[in-house]
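So the structure is just underneath, and the comments pick up after that.
2 protein chains.
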Amino acid sequence: MEHRIEKIKKQLHSHSYKLTPQREATVRVLLEREDDHLSAEDVYLLVKEKSPEIGLATVYRTLELLSELKIVDKINFGDGVSRYDLRKEGAKHFHHHLVCIECGSVEEIENDLLGEVEQIVENDWGFEVKDHRLTFHGICRQCQAAAIEEDVQKATP
Amino acid sequence: MEHRIEKIKKQLHSHSYKLTPQREATVRVLLEREDDHLSAEDVYLLVKEKSPEIGLATVYRTLELLSELKIVDKINFGDGVSRYDLRKEGAKHFHHHLVCIECGSVEEIENDLLGEVEQIVENDWGFEVKDHRLTFHGICRQCQAAAIEEDVQKATP
DNA sequence: ATATTAGTTTGTAATGATTATTATTAATAA
DNA sequence: TTATTAATAATAATCATTACAAACTAATAT
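Chains A and B are the protein sequences, given in the same order. Residue numbers for the first sequence follow the working numbering, so the first one is 26 and each next one is one higher. Residue numbers for the second sequence follow the working numbering, so the first one is 26 and each next one is one higher.
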């Protein structure tokens, strides 16, 4: 934990930004809830628990800054809210999402699914790929199970 | 053109919705500007040229309806605006985007890049894939050329 | 120590996209 | 024709996000 904070502090410094108490509090929340795909509002409320004097605009600015420095990914599942994910240490951008269209759950998967696909894009379209966003929409395991359950119920009334 | 409108009309009817004049005008705009990734506002302004009495809320409702019926794809490039693309006839969901981080241009590519990747997701995560969104962020051909141009300028002042 | 400066934060106002509401109109059924 | 329902227009309301002005902080120069 402290180690990662230290690292982020250095990243900020190398761009002549400072790790102010507000920024540190924000980063700590992101670290604690690493897999949660928090919205700015979520982050704000969580930071407020420990640092009640922080302002919403500060949280937005901090998240924007972290996103510019590629410390967090700003992602969008199409529900009108941006979500912010701390990049995992060592992780490249092999970071995809499974969004369930039944229950709305979001699972995160980590796998280099697109290595050769990026090659194809570079070769066939002359587009220099820096990053990608890949989201699958479908039915999660739980909802599949629930659907089968329901069918059984109907069959044996 | 008329053929596709007729088809959409049937799709609406099969869900007991009607192809009202306003809805038809909206669909016509989407057909005319098929590759343009229009925002709701864009669509509204274009529809207004031919049907000045239409309301913005109607356009929103129509686009939402078409999106629910999978006649259009509602997509989001993270710039705070939803964009609406008519699904191409016969096209499956092999429909990806190349977003340039320099000039902001969006190119659309059509290619089944993810056939086997979807298989992997289904097998390894038990997630039943219905659809996906794949966006590449990087430098388009034009901006690459421009960058090289600039370097030449610097080298020979 | 004091003044200066740049960077940061706060609280709030403003903006822009989208959604909800309400009254009206058109289409359909009885 | 009358009653019912669906769809629309105009506008108000909402929600996420950004802009702004004033106050504050920390570092640096005097």
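Heads up, the beta-carbon is just placed ideally off N, CA and C, and yes, glycines get one too.
Three-state class that DSSP yields for residue i in the structure shown
i: Cys168/A; result: helix
i: Tyr85/A; result: helix
i: Glu127/A; result: coil
i: Gly103/A; result: coil
i: Ser41/B; result: coil
i: Glu132/A; result: strand
i: Lys95/B; result: coil
i: Glu153/B; result: strand
i: His28/A; result: helix
i: Gly140/B; result: helix
i: Arg108/B; result: strand
i: Arg158/A; result: strand
Cβ distance (whole Å) where residue i is taken to contact residue j below 8 Å
i: Val52/A; j: Ile30/A; result: 6 Å
i: Lys155/B; j: Gly163/A; result: 4 Å
i: Met26/A; j: Leu56/A; result: 6 Å
i: Leu159/B; j: Leu159/A; result: 5 Å
i: Val84/A; j: Val68/A; result: 6 Å
i: Gln36/B; j: Leu111/B; result: With 8 Å as the limit, Gln36/B and Leu111/B do not qualify as a contact, their Cβ atoms being about 12 Å apart.
i: Phe161/A; j: Val146/B; result: 6 Å
With 16 other Cβ atoms within 10 Å as the buried cut-off, status of residue i
i: Cys128/B; result: exposed
i: Thr87/B; result: buried
i: Ala65/A; result: buried
i: Val124/A; result: buried
i: Ile10/A; result: The structure shown does not extend to residue 10/A, since chain A spans only 26 to 182, so no value can be given for it.
i: Glu153/B; result: buried
i: His157/B; result: buried
i: Glu143/B; result: buried
Cutoff 8 Å; reference residue i; Cβ partners in own chain excluding five residues on either side
i: Ser76/B; result: Pro46, Gln47 and Ala50
i: Arg108/B; result: His62, Leu63, Ser64, Lys99, Ile100, Asn101 and Phe102
i: Val177/B; result: none
Same chain, Cβ closer than 7 Å to residue i, five either side skipped, listed in chain order
i: Asp60/B; result: Glu133
i: Lys32/B; result: none
i: Tyr42/B; result: Leu90
i: Ala170/B; result: none
i: Lys73/B; result: Ile79
i: Cys168/B; result: Cys125, Glu127 and Cys128
Close-in-space but distant-in-sequence residues of the same chain around residue i (CB under 6 Å, 5 per side omitted)
i: Cys165/A; result: Cys125 and Ser130
i: Lys34/A; result: Leu44
i: Leu81/B; result: Tyr69
i: Ser92/B; result: Lys99
Proximal residues, the region 144-164 of chain B versus chain A, C-beta separation under 7 Å: Ile145, Val146, Trp150, Gly151, Phe152, Glu153, Val154, Lys155, Asp156, His157, Arg158, Leu159, Thr160, Phe161, His162, Gly163 and Ile164
Would you list, in chain order, the members of the region 97-116 of chain B that have their beta-carbon closer than 7 Å to a beta-carbon of chain A? Lys99, Asn101 and Gly103
To be precise: take each residue of the region 119-131 of chain A, compare its Cβ to all Cβ atoms of chain B, and keep it if any distance is under 7 Å. Which residues remain? Leu123 and Ile126
Taking any Cβ of chain A, which residues in the region 167-179 of chain B have a Cβ under 7 Å from it, in chain order? Gln169
Using a Cβ cut-off of 9 Å, which residues of the region 40-67 of chain B contact any Cβ in chain A, in chain order? none
Any C-beta of chain B within less than 8 Å: which residues of the region 132-143 of chain A qualify? Glu132, Ile134, Asn136, Leu138, Leu139, Val142 and Glu143
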